Each structure stands twice: as structure tokens, then as C-alpha cells.
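Sequential numbering from -6 applies to the sequence shown in my numbering. The beta-carbon is built from N, C-alpha and C at its ideal position, and this holds for glycine as well. Remember, predicted model here, so these are calculated numbers, not experimental data. In what follows, a single structure is set out as C-alpha cells and then discussed.
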Amino acid sequence: MLNPPASPLKFPRLLLTGAGGNLGKELRPRLKAYCDVLRVSHRSDLGASAPGEEIMLASLENKEQMMGLMKDVDAVVHMGGVSTEQPWDPILASNIVGMVNLYEAARLQGTKRIVFASSNHVTGFYRQDEVVNTKMPPKPDGFYGLSKAFGEDLAELYWARWGIETVSLRIGSSYVEPKDRRMLATWLSFDDLERLVVSALTAPIVGHTIIYGMSDNQTTWWDNTHAKHIGYRPLDSSDVFRSAVEARQPTIDGTDKAAIYQGGAFVKAAPHG
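Laid out in C-alpha cells, this is it:
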């Protein structure tokens, strides 16, 4: 956790969905610094609540549960949903129907800002020898990336029609350290993840903004020029791990689709019904 916190601003009540997922578990103790009450949600058991926490179990595809979940919430960090390539049915339930339920509940309950965990897999079929900005068309690399592209379009609709602001975070690879040479470009440290989420929550005006979630890596495929108003400034870099990563993976197979396209292994995990 950052010390001092990334912002002195505090919300009366924040909601963190997907609090039992990998990044949800990382954000859960960190977000408490930015609110009086942190409401955490998942579809299954989250254990005991910490001081200043509310636990509410909910399934994204359950409209009534989502209405209750959004009651009296000032802002949402939406990390819930399917986060890997899967068959269509669970992606449809969580990432399509669940997103509509989330935004409808936000509209009806009066929540005005959502930080949405989108994904770099929205643009996974751009090549690794290209630099992509947030205004370029999506090129999803599977059903998962396609569902996140839908989520971004849904956020745009709810901003244009109902004034609900969203920052869509196209998160790269957020781990303790990069695992391979692809991640030298996509890595996002946990501290920079916190900085990114807090910037998205606290920027004065965001409308619907798309921003790539990456640390200050020497190698990068993504250009956040159009998201500078968010005020995100990464302070970590994958470069401190470069020597060790390159020693583990000294060569790259230039005919491997995972080495050609930005989505990595996701471009080979073919969608299936």
C-alpha cells in the first residue's frame, strides 16, 4: 500500500466488485484509505470483514442483487466478471448481462462514477511492432476481449445518455514482477495499479476515458496521450527485471502468434462456444 496515499480525497462509500479475484484481493486493503466505508462484493465467500468494510455477496447477472449492491454507493471500482478466455456462456452472463445490470443499477441508484477493469485484450490483435493509442479501433483477441470492448461501448452510452462517468482501464499484466519478455511491455506493478485506480476515481472530470494500465516501462506498445487529463503517473518500471527475464527467455520464436500479436497467448486460446 502507498504511504502516503495517492490522494487525500475520500469517498463516503466505495464499492469494489470482484473483491475475491486476484486484483480485487490486492486492491481491497488499499482502497480503504480512500473512503469512509468500503463495500466489497464477490459471488462467493469473502471471509470476515475488516474495520470500515461492508461485505455483500452478489452475482453480476442477478439484477435484483445488483440493485441492492449499488445502493448509497458514491463510486465503483468494477473488477468483477470473467477475466480469462472462456466459453461464451459464462462471459455472456458476467461480462455482458452483468455489465448492463451494473450500469442500470448505477443509473437508478444515482452512482455517477465507475472505474471499469477493461483489458489490453480489447486490442490484442494489434502487432507487437505497433504502438496503439486509445482512439484506435478495437481488435479483440477472443470472446473475453470482445466482452471488454462491449463494456467500453456500454460505458460510452451511459456517459452520453445519462452522464455516468467511467474510466475504462485496459489493464496490462499486473503481477509482483513480469513473467516473460511480453510482460516487459505490459507489466503494471501493484503500486501503479493503485495509483491508476485512484487517479481514475479522483480526476475532476473524466466523461468516458480509456487508459492503458501499464507501469513506466522502457518497452511499450500503448500510448496514453488522450488520457493525460486522468493525471496517472506510474513510478515503477519493468526495466529492473529485464536482465533476469531475458536470461530466462533469451530467444523469441518469430513465427509464434503469441510473439507477433500484443495479446500474447490469448490470440491462440481460440474462442469456443
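*Would DSSP call A41 helix, strand or coil?*
Counted from its first residue, the sequence shown places residue 41 at position 48. Three-state DSSP puts A41 in coil, outside helix and strand.
*asked:* Please tell me whether Q211 and S182 are closer than 8 angstroms, where the distance is taken between their beta carbons.
replied: Here residue 211 is taken as the residue at index 218 of the sequence shown, counted from 1. Here residue 182 is taken as the residue at index 189 of the sequence shown, counted from 1. Against a cut-off of 8 angstroms, the Cβ pair of S182 and Q211 comes out as no contact.
*When the Cα atoms are used, what is the spatial distance from W239 to T195?*
Position 246 of the sequence shown, counting from 1, holds the residue named residue 239. Position 202 of the sequence shown, counting from 1, holds the residue named residue 195. Reading off the sequence, residue 239 comes out as Glu, not Trp. Approximately 37 angstroms between the Cα atoms of the pair.
*Using the rule of at least 16 other Cβ atoms within 10 Å of the residue's Cβ for burial, across every protein chain shown, is Q242 buried or exposed?*
Here residue 242 refers to the residue found at position 249 of the sequence shown. Classification of Q242: exposed, given that the 10 Å Cβ count is below 16.
_Please state the DSSP three-state secondary structure of S140._
As a first step, residue 140 is located in the sequence shown; it is residue number 147 there, counting from the start. It is helical.
*Which residues in the same chain have their Cβ closer than 7 angstroms to the Cβ of R175, if we skip the five residues on either side of it in sequence?*
Position 182 of the sequence shown, counted from the first residue, corresponds to residue 175. Once the five neighbours on either side are set aside, the close Cβ partners of R175 are G257.
_Whole-angstrom distance between I253 and A148, CA atom to CA atom_ = Against the sequence shown, residue 148 aligns to sequence position 155. Against the sequence shown, residue 253 aligns to sequence position 260. One C-alpha to the other measures close to 30 angstroms.
*Taking the alpha carbon of V191 as the point to measure from, which residue in K105, L53, V69 and D38 has its own alpha carbon closest?*
Numbered from its first residue, the sequence shown carries residue 191 at position 198. Comparing Cα positions, the closest option is V69.
*Would you decide whether V169 is buried or exposed? Buried here means 16 or more other CB atoms lie within 10 Å of its CB.*
Taking the sequence shown and counting its residues from 1, one reaches residue 169 at position 176. Result: exposed.
*Under 8 angstroms, do S161 and I89 count as touching if we go by C-beta distance?*
Counting from one through the sequence shown, the residue named residue 161 turns up at place 168. Counting from one through the sequence shown, the residue named residue 89 turns up at place 96. Result no, Cβ atoms of S161 and I89 do not sit closer than 8 angstroms.
*Tell me whether the beta-carbon of H71 lies closer than 8 angstroms to the beta-carbon of A110.*
As a working note, residue 71 is residue 78 in the sequence shown. As a working note, residue 110 is residue 117 in the sequence shown. Contact flag set, yes.
*Apply the 10 Å Cβ neighbour rule to I198 and answer buried if 16 or more other Cβ atoms are within range, or exposed otherwise.*
Sequence index remark: in the sequence shown, residue 198 carries index 205 (1-based). Answer is exposed; the Cβ neighbour count stays below 16.
_Reduced DSSP category for G146 - H, G, I as helix; E, B as strand; rest coil_ = For the purposes of this step, residue 146 is taken as the residue at position 153 of the sequence shown. Looking at the sequence shown, residue 146 is not Gly but Asp. Correct three-state label for D146: helix.
*Which value, in whole angstroms, describes the spacing of the CA atoms of G40 and K132?*
As a working mapping, residue 40 is identified with position 47 in the sequence shown. As a working mapping, residue 132 is identified with position 139 in the sequence shown. Using only the alpha carbons, I get a separation of about 38 angstroms.
_Sequence-distant residues of the same chain with beta carbon closer than 7 angstroms to F52, five excluded per side_ = On the sequence shown, position 59 is the one that residue 52 refers to. The sequence shown places Ser at residue 52, not Phe. Counting only Cβ-Cβ distances below 7 angstroms, and skipping sequence neighbours, we find R36 and Q58.
_Buried or exposed (CB count within 10 angstroms, at least 16 for buried), D82_ = Numbered from its first residue, the sequence shown carries residue 82 at position 89. Result: exposed.
*Separation of E187 from M63, as counted between CA atoms*: Numbered from 1 along the sequence shown, position 70 holds the residue referred to as residue 63. Numbered from 1 along the sequence shown, position 194 holds the residue referred to as residue 187. Going by the C-alpha atoms only, they are around 22 angstroms apart.
*In its own chain, which residues sit with a C-beta less than 6 angstroms from the C-beta of M60, not counting the 5 before and 5 after it?*
Here residue 60 refers to the residue found at position 67 of the sequence shown. Counting only Cβ-Cβ distances below 6 angstroms, and skipping sequence neighbours, we find A98.
*In angstroms, rounded to a whole number, what distance separates the CA positions of K105 and S236?*
Numbered from 1 along the sequence shown, position 112 holds the residue referred to as residue 105. Numbered from 1 along the sequence shown, position 243 holds the residue referred to as residue 236. If you take the alpha carbons of K105 and S236, they lie about 44 angstroms apart.
_Close Cβ partners of D67 (< 6 angstroms) along its chain, the five nearest in sequence each way excluded_ = The residue you call residue 67 lines up with position 74 of the sequence shown. Answer for D67: F4, P5 and R6, listed in chain order.
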